[in-house]
């Protein structure tokens, strides 16, 4: 599944070829195996697994939220994510946990996307 297009994975989820939880676990496994790349500043494993479980329940009831339901995503660490540290890759913001989601993040979550974590960037995306 990890080498497929978003459309192919979405269809596979809808047809029950893979569950959101299985897909999430595969992605988390790959993130752990490639930790040396420093691609992620924060991995939100518990959040993603909970979201996958909720997505799976919707699929079982036949109430998918759309093409992004159960699809793993990551966002740059300069987008606010409620309850998840947002540092903009700067020590100045270390420990900052926003009380809200950025609009783009909220729109993705409203469609059932699974937030795997926050990806690395130049400090404050100034590179």
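Residue numbers (the working numbering): 4 to 130.
Idealized CB from N, CA, C, for every residue including glycine.
Between which two residues does the beta strand (DSSP E) harbouring residue 124 extend?
-> Against the chain shown, residue 124 aligns to sequence position 121. No beta strand (DSSP E) holds residue 124; DSSP gives it neither H nor E.
Quick one: give me the first and last residue of the beta strand (DSSP E) that residue 79 is part of.
-> Reading the chain shown from its first residue, position 76 is the one you call residue 79. Here the beta strand (DSSP E) through residue 79 covers 75–79.
In the region 45–70, which residue ranges form an unbroken alpha helix (DSSP H) of at least 4 residues, counting only runs that do not cross its ends?
-> With a minimum length of 4 residues, the continuous alpha helix (DSSP H) runs that stay inside the region 45–70 are 48–64.
Whole-angstrom distance between residue 19 and residue 44, CA atom to CA atom = On the chain shown, position 41 is the one that residue 44 refers to. On the chain shown, position 16 is the one that residue 19 refers to. Distance between the alpha carbons of residue 44 and residue 19: 32 angstroms.
Residue range of the alpha helix (DSSP H) that residue 12 falls in?
-> Working through the chain shown from its first residue, we reach residue 12 at position 9. Here the alpha helix (DSSP H) through residue 12 covers 9–17.
Compare the beta carbon distance of residue 85 and residue 105 with 7 angstroms and say whether it is the shorter of the two.
-> Residue 85 sits at position 82 when you count from the first residue of the chain shown. Residue 105 sits at position 102 when you count from the first residue of the chain shown. When the beta-carbon positions are compared, residue 85 and residue 105 stay at least 7 angstroms from each other.
Is the beta carbon of residue 58 less than 7 angstroms from the beta carbon of residue 23?
-> Taking the chain shown and counting its residues from 1, the one referred to as residue 58 is at position 55. Taking the chain shown and counting its residues from 1, the one referred to as residue 23 is at position 20. A contact, by the Cβ cut-off of 7 angstroms.
What is the DSSP secondary structure of residue 21, counted as helix, strand or coil?
-> Residue mapping note: residue 21 aligns to position 18 of the chain shown, counting from 1. DSSP places residue 21 in coil when its eight states are reduced to three.
How big is the Cα-Cα spacing for residue 7 and residue 13?
-> The residue given as residue 7 occupies position 4 in the chain shown. The residue given as residue 13 occupies position 10 in the chain shown. So the alpha carbons of these two residues sit roughly 10 angstroms apart.
Which residues bound the alpha helix (DSSP H) around residue 110?
-> Reading the chain shown from its first residue, position 107 is the one you call residue 110. Unbroken alpha helix (DSSP H) run through residue 110: 106–113.
With burial defined as no fewer than 16 other Cβ atoms inside 10 Å of the residue's Cβ, what is the status of residue 100: buried or exposed?
-> Within the chain shown, numbered from 1, the residue matching residue 100 stands at position 97. Residue 100 is exposed by the Cβ-count criterion.
Taking the DSSP output, what are the residues bridged to residue 84?
-> Looking up residue 84 in the chain shown gives position 81. Residue 84 is bridged to 87.
List the whole-angstrom C-beta distance separating residue 32 from residue 120, where the pair is believed to meet the contact cut-off of C-beta under 8 angstroms.
-> Locating residue 32 in the chain shown gives position 29, where the first residue counts as 1. Locating residue 120 in the chain shown gives position 117, where the first residue counts as 1. About 13 angstroms; that fails the 8 angstroms criterion.
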